[in-house]
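Trainee:
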Amino acid sequence: MVEDLDLQEQDEQELFEHLRIEADKGQALLRLDKFLMNRVENTSRNRIQNAIEADNVLVNGKIVKASYKVKPLDVITVVLPDPPRDTEVYPEDIPLDITYEDDDLLIVNKAPGMVVHPGYNNYTGTLVNALTHHLNQLPTMPGNTGRPGLVHRIDKDTSGLLVIAKNEWAMTFLAKQFFEHSLERKYIALVWGDIAEDGTIKGYIGRNLKDRRIMELYQEPEQGRWAVTHYKVLERLGYVTLLECELETGRTHQIRASLKSIGHPLFSDEVYGGDKILKGTVFNKYKQFVQNCFDILPRQALHAKSLGFIHPKTKEKVYFEEPLPADFQAGLDKWRSYAAILPSDSNG
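Take 11 as the starting number for the sequence shown in our numbering and just add one per residue.
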């Protein structure tokens, strides 16, 4: 019996294939790698071996070698890079802001407004189109059609860092770190309202029942998937607050939905209601100031600032960081100037 586990639209886990295979009662003793070749569709021997070497294959909850002999009723769980896709990707000469590159991976500082991979209504102009041109020989690995090299993603209008795998081994190795949430990922967010202290938001993120564009944070496990977001106050600016957010999980719109759930949606986030004046005064001068900020920063105020992980080849910890892009910095500077003239007891 083979079951797909945890495949949900848009989650980072969607970029990997999670399988649970239970050996039959009459299963003859057979090497693990050969067993998986027989049972997993659309794969290759190299892909299976890489997964075993990266400890992405467990038998009855334990790490084993490729030579392990599968026995009747053994339960094998497998994490493999991206399930099969049908989308063909065409290379496009689109400039990339490259933070770092070596033989195994590429770190890209994605500009706001760029879609990460082709999909409905976005078949060209994406980061993947640009990567296909830049890397030229980036292999279309089995199970990775349409999204070469992607091991995670960020929203179209979120700026910041993404790691791209340049070969199957790197992708498999990085997949384990994302699946186990062992990477360090920090974001900078500007939110409505004054947040008194640092905190953690926990719950189950799932689709809004009335609007599928929106994710909600629920408290019942059957309503979504577990999500944990830590936040730290960096700067209080009267009617808005600058935060650093650190993710333990990689759910769709995790930061956006989590912060809205505690009454602090991202500034200028149209989908989650942050594109309206939610805090402040009723004076026209203030309304015009906020509108000017929206014009300068016409997308959610969220930036993927840093990435830290174990390098697939050196096995050493690497860390990358990028400052705020121009639009976010300009909007933040306007709020800093405004906050400087507010009464000291203003708390939004």
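Virtual Cβ for every residue (Gly too), placed ideally from N, Cα, C.
Go ahead and label glycine 260 buried or exposed: buried means 16 or more other beta carbons lie within 10 angstroms of its beta carbon, across all protein chains shown.
Mentor: As a position in the sequence shown, residue 260 is number 250, starting the count at 1. So glycine 260 counts as buried.
Trainee: So the candidates are Gln310, Asp114 and Pro335; which of them puts its Cα closest to the Cα of threonine 324?
Mentor: The count along the sequence shown starts at 1 and reaches residue 324 at position 314. Selected option, being the one with the closest Cα: Asp114.
Trainee: Going by DSSP in three states, asparagine 60 sits in which element: helix, strand or coil?
Mentor: Taking the sequence shown and counting its residues from 1, one reaches residue 60 at position 50. Helix.
Trainee: Please classify tryptophan 345 as buried or exposed, where buried requires at least 16 neighbouring CB atoms within 10 angstroms.
Mentor: Counting from 1 along the sequence shown, the entry for residue 345 is found at position 335. By the neighbour-count criterion, in which 16 or more other beta carbons inside 10 Å mark a residue as buried, tryptophan 345 falls on the buried side.
Trainee: Starting from threonine 109, trace the alpha helix (DSSP H) in both directions and tell me its first and last residue.
Mentor: Counting from 1 along the sequence shown, the entry for residue 109 is found at position 99. Counting along the chain, threonine 109 falls outside any alpha helix (DSSP H), though it belongs to the beta strand (DSSP E) covering 108-111.
Trainee: Which residue spans inside the stretch 230-271 form an unbroken beta strand (DSSP E) run of at least 3?
Mentor: Correct list: 235-246 and 250-257.
Trainee: Taking 7 Å as the cut-off, decide whether the C-beta atoms of arginine 55 and serine 77 are in contact.
Mentor: Translated into positions along the sequence shown, residue 55 becomes position 45. Translated into positions along the sequence shown, residue 77 becomes position 67. One thing to note: arginine 55 has its Cβ no nearer than 7 Å to the Cβ of serine 77.
Trainee: Output the distance between the C-alpha atoms of leucine 200 and methionine 47, rounded to the nearest integer angstrom.
Mentor: For this step, residue 200 is matched to residue 190 along the sequence shown. For this step, residue 47 is matched to residue 37 along the sequence shown. So the two alpha carbons sit approximately 48 Å from each other.
Trainee: When you compare only the Cα positions, how much space is there between cysteine 255 and lysine 196?
Mentor: Along the sequence shown, one-based indexing puts residue 255 at 245. Along the sequence shown, one-based indexing puts residue 196 at 186. Put simply, the backbone Cα of cysteine 255 is about 6 Å away from that of lysine 196.
Trainee: Helix, strand or coil for leucine 312 per DSSP?
Mentor: Within the sequence shown, residue 312 is the residue found at index 302, counting from 1. Here leucine 312 sits in strand by DSSP.
Trainee: Would you say the stretch 298-307 touches the stretch 160-168, given that touching needs at least three Cβ pairs under 8 Å?
Mentor: no
Trainee: Just to check my reading of the structure: aspartate 167 and glutamine 339 have Cβ atoms closer than 8 Å, yes? What is that Cβ distance to the nearest angstrom?
Mentor: For the purposes of this step, residue 167 is taken as the residue at position 157 of the sequence shown. For the purposes of this step, residue 339 is taken as the residue at position 329 of the sequence shown. The Cβ separation is near 16 Å, so there is no contact.
Trainee: Less than 7 Å between the C-beta atoms of lysine 286 and tyrosine 249, yes or no?
Mentor: Within the sequence shown, residue 286 is the residue found at index 276, counting from 1. Within the sequence shown, residue 249 is the residue found at index 239, counting from 1. Their beta carbons are not under 7 Å apart, which means lysine 286 does not touch tyrosine 249 by this criterion.
Trainee: Taking 7 Å as the threshold (C-beta atoms), are glutamate 102 and histidine 143 in contact?
Mentor: Position 133 of the sequence shown holds residue 143. Position 92 of the sequence shown holds residue 102. In this structure, glutamate 102 lies closer than 7 Å to histidine 143 by Cβ.
Trainee: Please classify leucine 219: is it buried, with 16 or more other beta-carbons within 10 angstroms of its beta-carbon, or exposed?
Mentor: For this step, residue 219 is matched to residue 209 along the sequence shown. Flag for leucine 219 reads exposed.
Trainee: Taking the Cβ atom as the reference point for each residue, do glutamate 331 and serine 316 lie within a distance shorter than 7 Å?
Mentor: Translated into positions along the sequence shown, residue 331 becomes position 321. Translated into positions along the sequence shown, residue 316 becomes position 306. Going by C-beta atoms, glutamate 331 is nearer than 7 Å to serine 316.
Trainee: When you compare only the Cα positions, how much space is there between arginine 246 and glutamate 230?
Mentor: What you label residue 246 is simply residue 236 of the sequence shown in a count that begins at 1. What you label residue 230 is simply residue 220 of the sequence shown in a count that begins at 1. Taking the straight line from one Cα to the other gives about 33 Å.
Trainee: Quick one: what's tyrosine 78 bridged to in DSSP?
Mentor: Looking up residue 78 in the sequence shown gives position 68. Note: tyrosine 78 sits in no beta bridge, so no partner.
Trainee: Following the continuous alpha helix (DSSP H) through lysine 186, name the residue where it begins and the one where it ends.
Mentor: Translated into the one-based positions of the sequence shown, residue 186 becomes position 176. 178-189 is the span of the alpha helix (DSSP H), which, as asked, contains lysine 186.
Trainee: Residues in its own chain within less than 6 Å of histidine 263 by CB, not counting five upstream and five downstream?
Mentor: Position 253 of the sequence shown, counting from 1, holds the residue named residue 263. For histidine 263, the CB contacts under 6 Å within the same chain, skipping 5 residues up- and downstream, are Met225 in chain order.
Trainee: Hey, would you say valine 69 sits closer than 7 Å to alanine 61, going by beta carbons?
Mentor: By one-based count along the sequence shown, residue 69 stands at place 59. By one-based count along the sequence shown, residue 61 stands at place 51. No; because the gap between Cβ atoms is not below 7 Å, this pair is not in contact.
Trainee: Give the single residue among Ala121, Gln37 and Ala140 whose Cα lies nearest to the Cα of lysine 81.
Mentor: Here the question's residue 81 lines up with position 71 in the sequence shown. Comparing Cα positions, the closest option is Gln37.
Trainee: With a threshold of 8 Å, are at least 3 pairs of Cβ atoms found where one atom belongs to the stretch 203-211 and the other to the stretch 168-179?
Mentor: no
Trainee: Distance check for leucine 257 and proline 94, CA to CA, integer angstroms please.
Mentor: Mapped onto the sequence shown, residue 94 falls at position 84. Mapped onto the sequence shown, residue 257 falls at position 247. Because proline 94 sits at a pLDDT of 44, beneath the cut-off of 50, its placement in the model cannot be relied upon, and the following sentence gives the value as read from the coordinates. Distance between the alpha carbons of proline 94 and leucine 257 is about 27 Å.
Trainee: Who does asparagine 119 pair with in a DSSP beta bridge?
Mentor: Looking up residue 119 in the sequence shown gives position 109. Paired residue(s): Leu171.
Trainee: Can you tell me whether phenylalanine 293 is buried or exposed? The criterion is at least 16 other CB atoms within 10 Å of its CB, across all chains shown.
Mentor: The residue labelled residue 293 in the question sits at position 283 within the sequence shown. Around the beta carbon of phenylalanine 293, fewer than 16 other beta carbons sit within 10 angstroms, so the residue counts as exposed.
Trainee: Is valine 173 buried or exposed, if buried means 16 or more other CB atoms sit within 10 Å of its CB?
Mentor: Reading the sequence shown from its first residue, position 163 is the one you call residue 173. In the assembly as shown, valine 173 is a buried residue. Its beta-carbon has 16 or more other beta-carbons within 10 Å.
Trainee: So, at 6 Å on beta carbons, what are the nonlocal neighbours of valine 126 in its own chain, with the 5 sequence-adjacent residues on each side left out?
Mentor: In the sequence shown, counting from the first residue as 1, residue 126 sits at position 116. Excluding sequence neighbours, valine 126 sits near Leu137 and Arg163.
Trainee: Given that a residue counts as buried once 16 or more other Cβ atoms are within 10 Å of its Cβ, and exposed if not, what is aspartate 279?
Mentor: The count along the sequence shown starts at 1 and reaches residue 279 at position 269. Label assigned to aspartate 279: buried.
Trainee: Within the continuous beta strand (DSSP E) that includes phenylalanine 299, where are the two ends?
Mentor: Walking along the sequence shown from the start, residue 299 turns up at place 289. Looking at the DSSP string, phenylalanine 299 is not in any beta strand (DSSP E); the run it does join, the alpha helix (DSSP H), is 294-306.
Trainee: Per DSSP, glycine 216 is paired with what?
Mentor: Locating residue 216 in the sequence shown gives position 206, counting from the first residue. In DSSP, glycine 216 forms a bridge with Glu226.
Trainee: Measure the beta-carbon distance from valine 89 to alanine 185 and round it to whole angstroms, keeping in mind my assumption that it falls under 8 Å.
Mentor: Translated into the one-based positions of the sequence shown, residue 89 becomes position 79. Translated into the one-based positions of the sequence shown, residue 185 becomes position 175. At roughly 6 Å, the Cβ-Cβ gap stays under 8 Å, so valine 89 and alanine 185 are in contact.
Trainee: Hey, serine 268 and threonine 291: beta-carbon distance below 7 Å or not?
Mentor: The sequence position of residue 268 within the sequence shown is 258, counting from 1. The sequence position of residue 291 within the sequence shown is 281, counting from 1. Contact: no.
Trainee: I believe glycine 283 touches glutamate 194 by the beta-carbon criterion, under 8 Å. Please report the beta-carbon distance rounded to the nearest angstrom.
Mentor: As a working note, residue 283 is residue 273 in the sequence shown. As a working note, residue 194 is residue 184 in the sequence shown. Actually they do not touch by this definition, with Cβ atoms about 30 Å apart.
Trainee: Rounded C-beta distance between arginine 49 and isoleucine 31? I'm assuming under 8 Å.
Mentor: Position 39 of the sequence shown, counting from 1, holds the residue named residue 49. Position 21 of the sequence shown, counting from 1, holds the residue named residue 31. Taking C-beta atoms under 8 Å as the contact rule, arginine 49 and isoleucine 31 qualify, at a distance of about 5 Å.
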